[in-house]
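Asker: Here the sequence shown stands for residues 10 to 313, where the numbers follow this note's numbering.
Note that beta-carbon positions come from the ideal geometry of N, C-alpha and C, so glycine has one too.
These numbers were taken from a predicted model, which means no experiment stands behind them.
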Amino acid sequence: MTQTTLSPLRKGGTAAGAATGRGTALRAARRRAVLRWIAVHSLAIAAALFFLLPFVFVFLTAVMSDDQALTRELWPHTWEWGNFATVWHTPGFLTWWRNTLLYAGLGTVLAVASSIPVAYALAKFRFRGRNLMMMLVIAAMMLPPQVVIVPMYLFWAKQLDLAGTLWPLIVPFAFGNAFTIFLLRQFLLTIPREYTEAARIDGCGEFRTMVRVVLPMARPAIAASALFHFFYCWNDYFGPQIYVSENPAAWTLSYGLESFKGAHQTDWNLTMAATVMIMAPVIVVFFFAQKAFIEGVTLTGVKG
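(1) Within the same chain, show all residues whose beta-carbon is closer than 8 Å to that of residue 286, passing over the 5 residues directly before and after it, in chain order.
(2) With distance defined between alpha-carbon atoms, name the residue in 46, 276, 292, 115 nearest to residue 177.
(3) Pick helix, strand or coil for residue 275, following the three-state DSSP scheme.
(4) Just verifying my parser: in three-state terms, what is the DSSP assignment at residue 40?
(5) Compute the Euclidean distance between the alpha carbons of residue 71 and residue 100, then round it to the nearest angstrom.
(6) Can you give me the Cβ contacts of residue 243 inside the same chain, cut-off strictly under 7 Å, excluding the 5 residues immediately before and after it?
(7) Could you tell me how far apart the beta carbons of residue 143 and residue 131 are, in whole angstroms, since I believe they sit closer than 8 Å?
(8) Classify residue 284: buried if its beta carbon has 16 or more other beta carbons within 10 angstroms, exposed otherwise.
(9) Could you work out which residue in 40, 147, 66 is closest to residue 194 when comparing CA atoms only?
(10) Assuming residue 239 is part of the alpha helix (DSSP H), what are its boundary residues?
(11) Please report the Cβ distance between residue 105 and residue 261, rounded to the nearest whole angstrom; I am assuming they are in contact, meaning their Cβ atoms lie under 8 Å.
(12) I believe residue 133 touches residue 197 by the beta-carbon criterion, under 8 Å. Please report the beta-carbon distance rounded to the nearest angstrom.
(13) Does the Cβ of residue 51 have 16 or more other Cβ atoms within 10 Å, making it buried, or fewer, making it exposed?
(14) Shortest alpha-carbon distance to residue 186 belongs to which of 121, 288, 211?
(15) Can you tell which of 158, 264, 296 has the C-alpha that lies nearest to the C-alpha of residue 102?
(16) Check for me: the alpha helix (DSSP H) holding residue 96 runs from which residue to which?
(17) Give me whichever residues DSSP pairs with residue 270 in a beta bridge.
(18) In this structure, how does DSSP classify residue 219 when only helix, strand and coil are distinguished?
(19) Are the beta-carbon atoms belonging to residue 175 and residue 49 less than 8 Å from one another?
(20) Roughly how many whole angstroms lie between the Cα atoms of residue 221 and residue 61?
(21) Could you check if residue 245 is buried or exposed, using at least 16 other CB atoms within 10 Å of its CB as the buried criterion?
(22) Cα separation between residue 302 and residue 225?
(23) Can you give me the C-alpha to C-alpha distance between residue 275 and residue 127, rounded to a whole angstrom?
(24) Could you check how far apart the C-beta atoms of residue 188 and residue 237 are, in whole angstroms? I think they sit under 8 Å.
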């Protein structure tokens, strides 16, 4: 009887071959998983690239030289990071930053603070004319600002002599914002009435019930409303063009960006660098607040 034995060298070769086979199979499985993931998310990937390409184009143009920015080339020959420093030291740029922060910050605080009581009343109280008030809020949402801009401008310019300042942009938000009222009211409708009734039974007044019981539960909706309003004010071009265009000391970033375009030539690399610097804070704010923003939007129902 003959017994076949494997030498230590052949045993090692067999083990190495088995390990190589397992590694090949594992890589093949991973490759199939990646291809399956790409196939499942292909539509989302295409949509993401579609919306991302303009930002990539703006950034690449922002780091080009003056001459290359006027060509059709897409990739910079040399990365001109100094364009951002040039924009930062442009006369008036820091003033535009301060004005934009004042406009967006104070406008957001005033709009949210003044809209909360109105939304609370429309959601939790039953009184005559409530449906009519809600219809007026919806109508105000659909009313284009261009319709009322002439009488509003005459009021601020002729009656109060405040044209050329930030007050006509900020003060109107102290009287509420139709979209903020609508968004908060829709969310407050989803809070069970038992909470407010229990607070009243315990002796809480309406103001205390709103502040101590309802508003803590409405934080996602308040955060979403504040972000919506902050983004609107930060990107607003129409309002600053009407009220502060004649006073460069009161310009905001969205309107000051127009000054980078010359009458005969435009420095597109500096214009795009300024655009990147204006977009960056909004992107950072959304990145850190996206959880609250998405939660507030998704939890805001359409209950009427």
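Answerer: Once the coordinates are examined:
(1) Counted from its first residue, the sequence shown places residue 286 at position 277. The beta carbon of residue 286 sits closer than 8 Å to the beta carbons of 93, 96, 97 from its chain, once the five residues preceding and following it are set aside; these are given in chain order.
(2) Taking the sequence shown and counting its residues from 1, the one referred to as residue 177 is at position 168. For the residues 46, 276, 292, 115, the minimum Cα distance to residue 177 belongs to 115.
(3) Within the sequence shown, numbered from 1, the residue matching residue 275 stands at position 266. In the structure shown, residue 275 sits in a strand (DSSP, three-state: E or B).
(4) As a working note, residue 40 is residue 31 in the sequence shown. The answer is helix: DSSP assigns residue 40 an H, G or I state.
(5) The residue given as residue 71 occupies position 62 in the sequence shown. The residue given as residue 100 occupies position 91 in the sequence shown. Roughly 19 Å between the two C-alpha positions.
(6) Residue 243 sits at position 234 when you count from the first residue of the sequence shown. For residue 243, where only same-chain residues beyond five positions count, the Cβ hits under 7 Å are 109, 113, 291.
(7) Mapped onto the sequence shown, residue 143 falls at position 134. Mapped onto the sequence shown, residue 131 falls at position 122. Contact flag correct, Cβ pair sits at about 6 Å.
(8) What you label residue 284 is simply residue 275 of the sequence shown in a count that begins at 1. That one is buried.
(9) Locating residue 194 in the sequence shown gives position 185, where the first residue counts as 1. Per the Cα distances, 147.
(10) On the sequence shown, residue 239 is found 230 positions in, with the first residue counted as 1. Residues 228-244.
(11) To locate residue 105, count along the sequence shown from 1; it is residue 96. To locate residue 261, count along the sequence shown from 1; it is residue 252. The C-beta separation of residue 105 from residue 261 comes to about 6 Å, placing the pair in contact by the 8 Å criterion.
(12) The residue you call residue 133 lines up with position 124 of the sequence shown. The residue you call residue 197 lines up with position 188 of the sequence shown. Yes, they are in contact, since the Cβ atoms of residue 133 and residue 197 sit about 7 Å apart, within 8 Å.
(13) The sequence position of residue 51 within the sequence shown is 42, counting from 1. Result: exposed.
(14) In the sequence shown, residue 186 corresponds to position 177, counting from 1. Of the listed residues, the one whose Cα sits closest to residue 186 is 121.
(15) Numbered from its first residue, the sequence shown carries residue 102 at position 93. Residue 102 has its Cα closest to that of 264, out of 158, 264, 296.
(16) Locating residue 96 in the sequence shown gives position 87, where the first residue counts as 1. Note, residue 96: alpha helix (DSSP H), 91-97.
(17) Within the sequence shown, residue 270 is the residue found at index 261, counting from 1. Per DSSP, 275.
(18) Position 210 of the sequence shown, counted from the first residue, corresponds to residue 219. In the three-state reduction of the DSSP assignment, residue 219 falls in the helix class.
(19) Counted from its first residue, the sequence shown places residue 175 at position 166. Counted from its first residue, the sequence shown places residue 49 at position 40. Contact: no.
(20) Mapped onto the sequence shown, residue 221 falls at position 212. Mapped onto the sequence shown, residue 61 falls at position 52. Distance between the alpha carbons of residue 221 and residue 61 is about 42 Å.
(21) Residue 245 sits at position 236 when you count from the first residue of the sequence shown. Buried, since its Cβ has 16 or more Cβ neighbours within 10 Å.
(22) Indexing the sequence shown from 1 puts residue 302 at position 293. Indexing the sequence shown from 1 puts residue 225 at position 216. Using only the alpha carbons, I get a separation of about 16 Å.
(23) By one-based count along the sequence shown, residue 275 stands at place 266. By one-based count along the sequence shown, residue 127 stands at place 118. Cα to Cα, residue 275 sits roughly 47 Å from residue 127.
(24) Against the sequence shown, residue 188 aligns to sequence position 179. Against the sequence shown, residue 237 aligns to sequence position 228. Correct: roughly 7 Å between the Cβ atoms.
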